[in-house]
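Its first residue numbered 30, the sequence shown is counted upward by one per residue in this note's numbering.
See below for the structure under consideration.
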Amino acid sequence: MQRIGLYGGSFDPIHTGHVLVGQAAIEELKLNRLFFIPAARSPFKPDQQPAPSEHRLAMIRLALAGRTDCEVDDFEIQRGGTSFTIDTVRYFAHRFPGAKLFYLIGADNVPGLPKWREAGELAELAEFVVIPRPGETPAPLPPPFRGQYLNGFPFGVSASQIRARIKAGQSIEPLVPAPVAEVIRNNRLYL
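Here it is in structure tokens:
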């Protein structure tokens, strides 16, 4: 049985923490493949306008260059509108029939899982893998969700902190892979 990881988010921008989480997920869950799935528009950040999708996709591809166990999937961007996890998980369940699906989420999203769109079906289709925040006590997954916490590579930085550093004219290296920093500079993103 294939073990497929789904890592959704804005990736605005992708940073070293995202890459480390991906590596931990591959190792701990023994994944065959891990898909990074940038959102067209996050339902949790309705007022936030992310960087243009072509730049976010380019940054993710550069951050994952040379990796054969990770890839970018632009399903949510191609579909457009608000990106709901249930639509993405259904898409991957159809694309990989019989595979075991693992959906990665940040620990801050755990308490709200029962309020996610079509939560019951979502809990049936995928096992949830929680990305811990350094120094925070993990909350248990609410029923009917099942899953586990990742152990490896907690990294205390967020994309919003990186955007704030860029706006303030501060260095973002080594918080993002060097090619990602280059895309940000060349396209004057987050200024």
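Built from N, CA and C at the ideal position, the CB exists for glycine as well.
Own chain partners of residue 204 with C-beta closer than 7 Å, once the 5 adjacent residues on each side are dropped: Here the question's residue 204 lines up with position 175 in the sequence shown. The residues are 44, 45, 186, 191.
Environment of residue 123 [buried if 16+ CB atoms lie within 10 Å]: The residue given as residue 123 occupies position 94 in the sequence shown. Its Cβ having fewer than 16 others within 10 Å, residue 123 is exposed.
Cα-Cα separation between residue 166 and residue 99, rounded to whole angstroms: Looking up residue 166 in the sequence shown gives position 137. Looking up residue 99 in the sequence shown gives position 70. Near 29 Å, if we compare the C-alpha coordinates of residue 99 and residue 166.
Other residues of its chain near residue 175: CB distance less than 8 Å, five sequence neighbours each side excluded: The count along the sequence shown starts at 1 and reaches residue 175 at position 146. Cβ within range, chain order: 152, 156, 157.
Straight-line gap, residue 74 to residue 89 (C-alpha atoms, nearest Å): Within the sequence shown, the letter at position 45 stands for residue 74. Within the sequence shown, the letter at position 60 stands for residue 89. Each residue's Cα considered, the two are about 20 Å apart.
Through-space distance from residue 50 to residue 111, alpha-carbon basis: By 1-based counting over the sequence shown, the position of residue 111 is 82. By 1-based counting over the sequence shown, the position of residue 50 is 21. Each residue's alpha carbon lies about 24 Å from the other.
Secondary structure, alpha helix (DSSP H): runs of 4+ residues fully inside the stretch 125-162: 148-154
6 Å Cβ shell around residue 55 - same chain, five flanking residues per side excluded: On the sequence shown, residue 55 is found 26 positions in, with the first residue counted as 1. The residues are 63, 98.
Buried/exposed call for residue 220, threshold 16 Cβ in 10 Å: Taking the sequence shown and counting its residues from 1, one reaches residue 220 at position 191. So residue 220 counts as exposed.
Three-pair Cβ contact test at 8 Å for the stretch 125-143 versus the stretch 100-107: no
3-residue-minimum beta strand (DSSP E) runs that sit fully inside the stretch 41-68, ordered along the chain: 62-67
For residue 66 and residue 72, the rounded distance between their alpha carbons: As a position in the sequence shown, residue 72 is number 43, starting the count at 1. As a position in the sequence shown, residue 66 is number 37, starting the count at 1. Using only the alpha carbons, I get a separation of about 14 Å.
Beta carbon of residue 130 nearer than 8 Å to that of residue 93: In the sequence shown, the residue the question calls residue 130 occupies position 101. In the sequence shown, the residue the question calls residue 93 occupies position 64. No, the pair does not count as a contact, with Cβ atoms beyond the cut-off.
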